[in-house]
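Trainee:
Residue numbers (our numbering): 2 to 678.
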C-alpha cells in the first residue's frame, strides 16, 4: 500500500507526475485510519530532506488540512489522539487565546490561496516555504484602495506544527521584532505580525524574482563564471556581515533563503530561526521559544556545530555561505549534499574548483572547515580573500579615495584659517589692500596633508590584548578590520575592549566574538589564559557532548559528558571542573581513571558511563582541558581540592614544562547549571 513518504519520494525522483501524485494523496487521505495529523509530520520531514516546489508543498498541506477539518465535523469532539496539532505527549500545554481552543472546540479551516486574512490580505499565490512557514504573495486591499503603485506584499503563515506550539505567537512576534532591526538592502524588509483566528503570520516585502535554489536546480544550470558568482556571493555576504555585526546568526542559511530579484538584486530572507548570539542583558525573553528546537534546520548547509546543538556562531553562517559559493562555482555541493557530521565522520575533503586561483581556493576552503575554530572567522574576511583579483584591480581607486578623505580632514583647520585671511577668488578683499606700487604678498603654500596611518599590525594588537586583565584573547587582522575571539571578564566588558582597539592607529572597525567570564574565574584565566591563546592552532578542543544537554545549559540530575580532541602530538590529558563554590574536581586522571596518555588527534567522550551528575551549587562553571607532552603531575591529586591551591601548583608545573620546551595546549568550556524545574 502506498504511503505519503514514498509518494513524495517518487514525485521528487521524477517517476511520478504531479497529477498522479495529488491523486495518491487524496487516496491516502481517504484511506488513512484516524490520525491524519501524522501526514503533516511526514510532509514536513520529506520537505526538510529534499525541498518540494512551493506550490506543491502548499497544495498537499491544504488537502491534509481540509481532511482534518472534514473529520472534525464528523465528531462531536476531538480526542487527544486525533488532534492535528501535535503537542508534548501526555502533557497538553495551555494554549494562548486565539491560537487553538480546547479539545472540544471546532477547529477553524486552514486558509490558503484565494482566502483573505483579517479582511485585508488576499492570498493570491504560494511562493515559498521558510524555516517556520509557507510564504504567499498577497494583495493588500488597503494599499489597493489608496491606489498604491505597489499593493502586493509577502505573508509568511506558520506551519501547522509551529501553530500548535503553545508559544507560537510569542515566537512569531519575536521573529518580526528581530527582523525589523535588520534594515539592509540585501535583507528582506519585515513589516509586522498578526493573526487571523488560529493562524499567525508575518507581513513582509514582496520580491519579484526566483530563489537561488531554483537557479541551482534548473536543468540548464552548470556553473557560473567567477565574476557573476561573486555578484551573488557579495550580496549574500553583505547581508550576513550586517546581521553578524548586530548580534544575529541566521541559523538556516541556504539557497532557498536567497532571492535573486528581477532587477538583479540579492536578498536574504527568512531569519525565521535566527537567534541572538550576543543578546543584551535586558533582552531576557529572547529564548522563550526557539523555532530551531522544532528541527527547522537544513542538514546539507548546517555546520557540524549547529547539528550538535552548540551555541550559534557567525561561523555557522560562514560554513553555509561557503557551501553555496562552492555550488555556484562547480554546480555541486562540496560534500555531495551529505550533512557536515557525515562528511566529518567520512573524512571527506572538498575538491578545488577548476580555474580557481590558489588564494581564492584557500579562502573558500577555509569556510568549509568542519571544525569551527579552523573556519574563517568573519564574512568580510572571506569576501576580501575570495574576491582578491577584483580587490587588486580596484585598489588604486580605493587608496586614492582614502587619501583624499585624509587630506580633507587634515587640512580642515588650515582651510578655516585661510578663509579668514585670504580673499575669495574674483572678489575684493574686505580690508584695505596694499598700495598699487607694492607687490601683493603671495598666499602661504598649503602644507602637504599627513599620510594616513598604516594598517594595524598583529604585534601591536597582541600587545594591547596582553594587557587586558582576566582574559584570553586571540586577534586577527583583515586590512584595517580587527577581529578578536576569546574570553573576557565581565568587569572589563566588550564595550571597553572595543573602545581600546578602535583607538589604535589604522583601525577602522572592531569585531568581537567573546565569552563572558565572571570575575571569580580571573585566577584561572591568569594562570591558563596565555596557554589557551598560544594553542589555538594545535587542534585541541573541549566540547559538551550532545547527549549531555543543549547549548551548554544543564539542569540538576543531568549527566555531564564532554568530548575531548587531543593535539597533533602524543599527549597526557587532564580535564578539570572548576565549580562555583571555588573547588576543582579532577575528571581525568583520577583514582578510577589513571591512564591519560592519548595518541595524536585522538577524540574521546569522557563521562559516558554516567559518573558525573549535575548538582548544586548552580551557576556558571568552567571546565578546562590541559594537554602536555610530559605528565602534568607525578602522581594523582585528590579527586577534589580547593581551586586556589590547585591553580598555584598548576602554574608552577606548567612554567617548568614550558622552560624545558615541553608542549602545552589548553581549551575552555563554560557551562551553566540550574535547579530542575
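By construction, the Cβ of each residue, glycine as well, lies at the ideal position given by its N, Cα and C atoms. All of these numbers come straight from a predicted model, not from anything done at the bench.
Is any heavy atom of the ligand ATP found at a distance shorter than 8 Å from the C-beta of residue 152?
Mentor: Looking at this structure, you won't find the ligand ATP or any other ligand, since it has none at all.
Trainee: Would you be able to state if there are at least three C-beta pairs under 8 Å between the stretch 646 to 658 and the stretch 466 to 484?
Mentor: Verdict: no, contact absent.
Trainee: Does residue 207 come out as helix, strand or coil in the three-state DSSP assignment?
Mentor: Three-state result, residue 207: coil.
Trainee: Exposed or buried, residue 388, counting other C-beta atoms within 10 Å across all chains shown (16 or more means buried)?
Mentor: So residue 388 counts as buried.
Trainee: For residue 512, count the other beta carbons within 10 Å of its own beta carbon; 16 or more makes it buried, fewer makes it exposed. Which is it?
Mentor: Answer is buried; the Cβ neighbour count reaches 16.
Trainee: To which residues does DSSP link residue 200 through a beta bridge?
Mentor: Paired residues: 197.
Trainee: Enumerate in chain order the residues of its own chain whose CB-to-CB distance from residue 323 is below 7 Å, with the five nearest sequence positions on each side excluded.
Mentor: Excluding sequence neighbours, residue 323 sits near 365, 368, 369.
Trainee: Quick check on residue 218: buried or exposed, where buried means 16 or more other Cβ atoms within 10 Å of its Cβ?
Mentor: Label assigned to residue 218: exposed.
Trainee: Should residue 257 go down as buried or exposed, given a rule of 16 or more other Cβ atoms within 10 Å for buried?
Mentor: Burial call: buried.
Trainee: Starting from residue 513 and walking both ways along the beta strand (DSSP E), at which residues does that stretch end?
Mentor: Looking at the DSSP string, the run of the beta strand (DSSP E) that includes residue 513 is 510 to 518.
Trainee: Let me know the secondary structure DSSP gives residue 58 once reduced to three states.
Mentor: Helix.
Trainee: Report buried or exposed for residue 663, applying the criterion of at least 16 other Cβ atoms within 10 angstroms of its Cβ.
Mentor: Result: exposed.
Trainee: Say whether chain D places a C-beta atom closer than 9 Å to the C-beta of residue 364.
Mentor: In the structure shown, chain D does not exist; there is a single protein chain.
Trainee: As an exercise, report each continuous alpha helix (DSSP H) stretch of at least 4 residues that is fully enclosed by the stretch 295 to 377, in chain order.
Mentor: You should have 305 to 308, 315 to 331, 341 to 347, 359 to 368.
Trainee: Can you tell me where the alpha helix (DSSP H) holding residue 188 begins and where it ends?
Mentor: Taken as a continuous stretch (DSSP letters only), residue 188 belongs to no alpha helix (DSSP H), as it is neither H nor E.
Trainee: Residue 483 to residue 529, Cα distance in whole Å?
Mentor: Those two C-alpha atoms are separated by around 24 Å.
Trainee: Compute the distance between the beta-carbons of residue 155 and residue 128, then report whether it is under 9 Å.
Mentor: Their beta carbons are under 9 Å apart, which means residue 155 touches residue 128 by this criterion.
Trainee: Can you tell me the Cβ-Cβ gap for residue 469 and residue 493, rounded? I've got them flagged as a contact below 8 Å.
Mentor: About 6 Å; that satisfies the 8 Å criterion.
Trainee: Please report the straight-line C-alpha distance between residue 411 and residue 454, rounded to a whole angstrom.
Mentor: Note that residue 411 has pLDDT 35, beneath the 50 cutoff, so the model's placement of it is unreliable and no number is given.
Trainee: Excluding five sequence neighbours on each side, which residues of the same chain lie with their C-beta closer than 6 Å to the C-beta of residue 419?
Mentor: Low local confidence applies: a pLDDT of 31 at residue 419 is under 50, so the model's placement there is unreliable, with the coordinate-based value given in what follows. Counting only Cβ-Cβ distances below 6 Å, and skipping sequence neighbours, we find nothing.
Trainee: Are there 16 or more other CB atoms within 10 angstroms of the CB of residue 317, so buried, or fewer, so exposed?
Mentor: It counts as buried.
Trainee: So is residue 119 buried or exposed if we call it buried at 16+ other beta carbons inside 10 Å?
Mentor: It is exposed - the Cβ of residue 119 has fewer than 16 other Cβ atoms within 10 Å.
Trainee: Taking all protein chains shown into account, decide if residue 21 is buried (16 or more other Cβ within 10 angstroms of its Cβ) or exposed.
Mentor: Burial call: exposed.
Trainee: Pull up the distance between the alpha-carbon of residue 599 and that of residue 625, whole angstroms please.
Mentor: For residue 599 and residue 625, the distance between alpha carbons rounds to 17 Å.
Trainee: So, under 8 Å CB-CB, residue 565 and residue 604 are touching, yes? Tell me the CB distance rounded to an integer number of Å.
Mentor: Yes, they are in contact, since the Cβ atoms of residue 565 and residue 604 sit about 7 Å apart, within 8 Å.
Trainee: Excluding the five sequence neighbours on either side, which residues of its own chain have a C-beta within less than 8 Å of the C-beta of residue 583, listed in chain order?
Mentor: For residue 583, where only same-chain residues beyond five positions count, the Cβ hits under 8 Å are 521, 643, 644, 645.
Trainee: For residue 501, which residues in the same chain have their Cβ closer than 8 Å to its Cβ, ignoring the five residues on either side in sequence?
Mentor: Result list for residue 501: 465, 469, in chain order.
Trainee: Would residue 674 and residue 608 qualify as a contact pair, given that the criterion is a beta-carbon distance under 9 Å?
Mentor: For residue 674 and residue 608, no; Cβs fall outside 9 Å.
Trainee: Between which residues of its own chain and residue 14 is the CB-CB distance below 8 Å, once the five residues before and five after are set aside?
Mentor: Hits under 8 Å: none found.
Trainee: Please state whether DSSP places residue 523 in a helix, a strand or coil.
Mentor: The answer is helix: DSSP assigns residue 523 an H, G or I state.
Trainee: For residue 421, does the count of other Cβ atoms within 10 angstroms reach 16, so buried, or fall short, so exposed?
Mentor: Here the model assigns residue 421 a pLDDT of 34, short of 50, so the residue's position is not dependable, and the following value carries that caveat. That one is exposed.
Trainee: Do you know whose CA, among 326, 332, 353, 371, lies nearest residue 686's CA?
Mentor: Beyond the ends of the chain as shown, which are 2 and 678, falls residue 686; an answer cannot be given.
Trainee: On the CB-based measure, 16 or more other CB atoms within 10 Å of its CB, does residue 588 come out buried or exposed?
Mentor: Label assigned to residue 588: buried.
Trainee: Determine whether the beta carbon atoms of residue 669 and residue 543 lie at a separation below 9 Å.
Mentor: Yes, they are a contact pair.
Trainee: Residue 12 to residue 18, Cα distance in whole Å?
Mentor: Rounded to the nearest angstrom, the two C-alpha atoms are 6 Å apart.
Trainee: Per DSSP, what kind of secondary structure is residue 682 in: helix, strand or coil?
Mentor: Limits of the chain in this structure are 2 at one end and 678 at the other, which puts residue 682 out of reach.
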